[in-house]
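Notes follow once the structure below has been shown.
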Amino acid sequence: MKIYKINYLLILGVLLFSYNATSAQQEQDIEDRITKIITKMTLEQKIGQLSLRGTSSRTKVLPEELKQDVRDGKVGAFLNVMKVDYVDELQKIAIEESPLGVPLIFSRDIIHGFKTIFPIPIGIAASWDKETAKTSARISAIEGSSYGIRWTFAPMLDIARDSRWGRIAESPGEDPYLASVLAKGYVEGFQTDNLTNPTSMAACAKHFIGYGAAIGGRDYNTAIIHEPLLRNVYLKPFEAALSSGVQTIMTSFNEVNGVPASGNKWLLTDVLRDEMNFDGFVVSDWNSVTEMINHGYAKDEKQAADLAVNAGLDMEMTSKSYEFYVKELIKEGKVKEDQIDFLVRNILRVKFKLGLFEKPYRSKTHTGDLYSEEHLTKAKTAAIKSTVLLKNESVLPLKMSAKIALIGPLANAPREQLGTWTFDGEKEHSVTPLKTFKDKRVSFKFSKGLSYSRDKSTGGFEAAIEAAKVSDVIVFIAGEEAILSGEAHSRANINLPGKQEELIKILAKTGKPIILVIMAGRPITITNIIDDVDAVLMAWHPGTMAGPAIYDILFGKKEPLGRLPVTWPKTAGQLPLFYNHKNTGRPSDAESFVQIDDIPVGAWQSSLGNTTHYLDAGFTPHFPFGYGLGYTTFKLEHLRLSKTEITESEELEVFVSLTNTGESAGEEVVQLYLQDKVGSLTRPVRQLRRFKRVRLNSGETRIVKFIINRKDLEFVNNSLKPVIEKGEFNVYVGQNSVSGLVKGFVLK
Ligand code: BGC
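Here it is, written out as structure tokens:
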């Protein structure tokens with residue numbers, strides 16, 4: 001037995017060694033081939049590799065000059081070439097007619113689906129499920145690569161703590177741990193473990209960095225992030241993407257602490273290359289190189305190019321400062337040709353890894369299985385996993401026999417349910433709730449009441465009230481049109497736009513129960529109407545299969561499985577708002593809270609309550625991070641730690657018993673948070689460190705186990721060193737970020 005074991009280990013060792021040797025050899029071969037190409041390249045051709053060009057979606061005929069530029073080796077990559085024939089044509093020119101036949105790489109924002117649209121990323125984040133992120137990325141890549149696109153500008157990994165920011169829709173939410181789990185899923189899904197596979201795509205972790213910290217949630221705005229925070233929060237999901245081998249990184253539009261990301265040498269070279277060992281390439285965001293002039297960081301395009309090249313930004317998106325000025329900068333000695341060679345090398349390396357030198361053309365037999373049954377089913381499952389049940393006064397699930405009034409501007413809005421960043425998704429393929437109700441022969445009356453989310457007319461109210469009166473229950477599908485979130489679509493008020501609240505209030509007067517389903521790109525403040533409705537489902541923008549997913553949830557064929565990936569505010573005035581905040585010197589609590597209406601008229605100046613809160617909005621969110629109900633109930637008990645004291649090298653086991661106390665089978669997301677009670681840098685009140693989805697039958701109990709190790713206790717301190725500090729910690733295990741059981745341990 002022992003001999004077998006030794007032999008087995010020996011063989012495994014030999015295999016591993018030869019595998020490492022082969023991959024090291026392959027990597028060396030690639031570097032040698034790159035060297036050969038670079039040696040033959042003219043400076044113009046090198047600069048060409050650094051250029052990412054676009055075509056317009058309205059381009060009817062490929063412009064001759066563009067083709068000539070490709071022929072001359074002046075373009076390295078394309079974005080948004082919308083017609084697949086153009087992809088083929090341009091690649092043919094690059095391979096057959098350009099001086100060195102270097103293949104182009106075609107890119108696009110395939111963010112949450114290509115043709116089959118999955119929930120928007122904040123929805124995917126609500127699934128708290130790496131596999132859902134991975135599946136959405138995999139199917140996006142399979143479909144998109146059939147159009148010759150081998151590079152996507154996803155995943156977006158900007159931590160977002162302010163729901164006014166339109167791009168929260170594209171984000172993984174507010175928590176670095178959850179975002180890191182999702183980042184890995186996305187990268188694995190897009191890239192697979194074999195980049196040369198024609199259905200793989202190079203992923204692009206964006207936006208590097210701090211874009212989500214834009215002041216006041218105003219897009220493109222300034223980010224001020226002190227370095228420990230940058231490292232403890234904003235960099236975390238990027239580290240995760242890198243550990244999964246992400247091939248490209250996009251710089252952000254914003255400045256961080258006074259330096260725009262696209263010209264930030266410290267960020268792009270010292271941190272990304274030297275510390276994080278990134279060996280792919282960095283692309284700017286759209287014109288973000290030349291926007292350094294607006295930032296007041298470069299005086300003209302030439303200086304912008306100088307700053308970006310020397311910072312280590314490999315590829316320039318859409319603006320042309322490299323093309324126009326790098327030659328001159330080299331002549332003047334401001335840029336070294338070695339630096340250009342380095343940037344070219346990074347880009348060619350990714351092209352080699354994608355197998356583009358061997359197989360530059362789109363495979364004609366790879367159809368992408370667009371809208372296949374499998375893809376649609378997976379998109380529907382993802383929508384169910386993303387939907388968060390926020391309130392349920394025993395009205396859900398509905399009985400199959402229920403007579404329903406289907407109302408609301410999003411009930412039949414095929415384009416809107418797809419959400420932001422869906423260049424290729426076609427509304428003709430969207431299955432809306434209305435269509436599903438018809439297909440499933442639900443007993444219902446449809447009266448949308450309002451034509452679109454911002455509609456301020458009351459012309460449709462009467463018919464909606466009539467529909468409600470003859471029904472048992474109202475399903476009101478509310479929300480925001482897709483265009484109200486995403487890039488450059490921040491809002492100062494994040495309530496339901498138009499007259500939606502007014503209509504809901506009028507419908508409530510019929511006495512019929514209301515199920516509010518929200519389709520939106522961000523948390524929507526619903527404090528004004530929460531008491532008028534009996535149930536609230538947050539579906540985000542669920543994608544192509546919104547209708548079937550919502551139908552299954554409404555009628556209890558499936559349980560809504562989502563949990564909030566962001567804190568849900570009562571009012572936009574509370575923003576930014578996030579669970580992993582600091583305790584402050586005067587933490588808020590119910591006892592000390594003074595409500596605005598309780599202040600006596602003529603009260604003398606005093607520090608009311610003496611804690612951190614708003615007199616009107618209080619100190620709690622409407623719903624905390626991690627929150628979400630299901631169709632059954634769960635109880636957590638008997639939290640136990642394997643030790644009460646550990647050393648740095650020891651692991652801590654955490655056990656908790658979970659019981660399904662309801663009447664049906666269901667799933668809970670058990671969440672483990674840590675609190676480092678005293679630090680040389682003050683620590684957040686809680687930090688998510690683990691979570692597990694657990695499915696239990698009614699009455700069933702399971703012991704859920706987590707393991708905590710030294711990495712979970714680490715943080716970057718004020719001297720910018722990763723440290724683990726001895727002292728007391730709390731372990732919270734709960735169903736969201738504010739509830740749960742607690743036990744302490746000491747790190748010796
Ligand atoms: C966005 C990026 C996107 C790029 C290309 C920019 O405006 O900020 O996220 O990838 O455009 O479409």
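Oh and the sequence shown: position 570 is 570 in this note's numbering, straight run, nothing missing.
Backbone N, C-alpha and C fix where the C-beta goes; we use that ideal spot for every residue, glycine too.
8 Å contact criterion, which residue i and residue j should meet: CB distance rounded
{"i": "Lys74", "j": "Glu44", "result": "7 Å"}
{"i": "Tyr631", "j": "Ser664", "result": "6 Å"}
{"i": "Ala223", "j": "Leu182", "result": "Not quite, the Cβ-Cβ distance comes to about 21 Å (not below 8 Å), so this is no contact."}
{"i": "Tyr177", "j": "Ala203", "result": "Incorrect: roughly 20 Å between the Cβ atoms, too far for contact."}
{"i": "Leu398", "j": "Leu652", "result": "Actually they do not touch by this definition, with Cβ atoms about 44 Å apart."}
{"i": "Val350", "j": "Phe238", "result": "Going by Cβ atoms, the distance from Val350 to Phe238 rounds to 17 Å, so no, they are not a contact pair."}
{"i": "Tyr627", "j": "Asn736", "result": "4 Å"}
{"i": "Lys46", "j": "Asp341", "result": "7 Å"}
{"i": "Gly666", "j": "Leu696", "result": "7 Å"}
{"i": "Gly425", "j": "Ile117", "result": "4 Å"}
Beta-carbon proximity of residue i to residue j, cut-off 7 Å
{"i": "Val669", "j": "Arg693", "result": "yes"}
{"i": "Leu370", "j": "Lys206", "result": "no"}
{"i": "Val779", "j": "Thr248", "result": "Past the boundaries of the shown model lies residue 779; the chain is included only from 1 to 748, so the question cannot be answered."}
{"i": "Leu50", "j": "Leu343", "result": "yes"}
{"i": "Ile529", "j": "Ile504", "result": "yes"}
{"i": "Pro409", "j": "Leu434", "result": "no"}
{"i": "Glu220", "j": "Phe253", "result": "Strictly speaking, residue 220 in this sequence is Tyr, with Glu absent from that position. Against a cut-off of 7 Å, the Cβ pair of Phe253 and Tyr220 comes out as a contact."}
{"i": "Ile38", "j": "Val70", "result": "no"}
{"i": "Val517", "j": "Leu496", "result": "no"}
{"i": "Pro198", "j": "His366", "result": "yes"}
{"i": "Ala463", "j": "Lys445", "result": "no"}
{"i": "Leu90", "j": "Gly54", "result": "no"}
{"i": "Ile724", "j": "Phe655", "result": "no"}
{"i": "Leu272", "j": "Leu313", "result": "no"}
{"i": "Ser680", "j": "Ala169", "result": "no"}
{"i": "Ser386", "j": "Trp540", "result": "yes"}
{"i": "Glu728", "j": "Gly740", "result": "no"}
{"i": "Val395", "j": "Pro513", "result": "yes"}
{"i": "Leu672", "j": "Gln687", "result": "no"}
{"i": "Phe190", "j": "Ala141", "result": "yes"}
{"i": "Ile111", "j": "Tyr234", "result": "no"}
{"i": "Thr571", "j": "Thr612", "result": "no"}
{"i": "Tyr551", "j": "Thr436", "result": "yes"}
{"i": "Met519", "j": "Gln417", "result": "yes"}
{"i": "Tyr755", "j": "Leu62", "result": "Beyond the ends of the chain as shown, which are 1 and 748, falls residue 755; an answer cannot be given."}
Range of the contiguous beta strand (DSSP E) that encloses residue i
{"i": "Gly666", "result": "666-676"}
{"i": "Gly312", "result": "Taken as a continuous stretch (DSSP letters only), Gly312 belongs to no beta strand (DSSP E), as it is neither H nor E."}
{"i": "Arg108", "result": "105-108"}
{"i": "Asn730", "result": "727-734"}
{"i": "Thr420", "result": "Where Thr420 is concerned, there is no enclosing beta strand (DSSP E), given that its DSSP letter is neither H nor E."}
{"i": "Ala405", "result": "404-407"}
{"i": "Thr659", "result": "652-660"}
Residue range of the alpha helix (DSSP H) that includes residue i
{"i": "Asp345", "result": "The amino acid at residue 345 is misidentified as Asp; the sequence shows Arg. Segment 337-353, the alpha helix (DSSP H) holding Arg345."}
{"i": "Phe190", "result": "176-191"}
{"i": "Tyr220", "result": "Neither: Tyr220 is in no alpha helix (DSSP H) and is coded neither H nor E."}
{"i": "Thr381", "result": "373-386"}
{"i": "Met292", "result": "292-295"}
{"i": "Val326", "result": "321-331"}
{"i": "Lys134", "result": "130-145"}
{"i": "Gly48", "result": "43-49"}
{"i": "Gly547", "result": "546-554"}
{"i": "Lys236", "result": "236-243"}
{"i": "Ile504", "result": "500-508"}
{"i": "Leu516", "result": "Element bounds for Leu516: not the alpha helix (DSSP H) but the beta strand (DSSP E), 514-519."}
{"i": "Phe437", "result": "433-439"}
{"i": "Ala464", "result": "461-469"}
- Just the residues with CB closer than 7 Å to a heavy atom of the ligand BGC, in chain order, which are they? Qualifying residues come out as Leu79, Asn80, Asp109, Phe153, Met156, Lys206, His207, Met250, Phe253, Asp285, Trp286, Met317, Glu487.
- Segment contact, 8 Å Cβ cut-off, at least three pairs: the segment 300-308 with the segment 248-265: At 8 Å Cβ cutoff, the stretches touch.
- Query: Is the segment 595-606 close to the segment 567-575, with three or more CB pairs under 8 Å?
  - Reply: In this structure the segment 595-606 does not lie against the segment 567-575, because fewer than three pairs of beta carbons, one per stretch, are closer than 8 Å.
- Message: Would you call the segment 537-549 in contact with the segment 504-511, where contact means no fewer than 3 C-beta pairs closer than 8 Å?
- Response: Judged by Cβ distances under 8 Å, the segment 537-549 makes no contact with the segment 504-511, as fewer than three pairs qualify.
- Query: Are the segment 321-333 and the segment 155-166 in contact at 8 Å, needing three or more beta carbon pairs?
  - Reply: Contact between the segment 321-333 and the segment 155-166 is absent: fewer than 3 CB-CB pairs across the two stretches fall below 8 Å.
- Count the CB pairs spanning the segment 470-485 and the segment 396-410 that are closer than 8 Å, and state whether there are at least three. A contact exists between the segment 470-485 and the segment 396-410.
- Message: So, does the segment 417-437 touch the segment 579-592, judging by three or more C-beta pairs under 8 Å?
- Response: With the cut-off at 8 Å, the segment 417-437 and the segment 579-592 do not touch.
- Item | contact_flag[the segment 616-624, the segment 554-568] where n(CB pairs < 8 Å) is 3 or more | By the criterion of at least three beta-carbon pairs nearer than 8 Å, the segment 616-624 is in contact with the segment 554-568.
- Task: Indicate whether the contact test is met: 3 or more Cβ pairs, each with one atom in the segment 370-383 and one in the segment 436-450, closer than 8 Å.
- Result: The segment 370-383 vs the segment 436-450: no contact.
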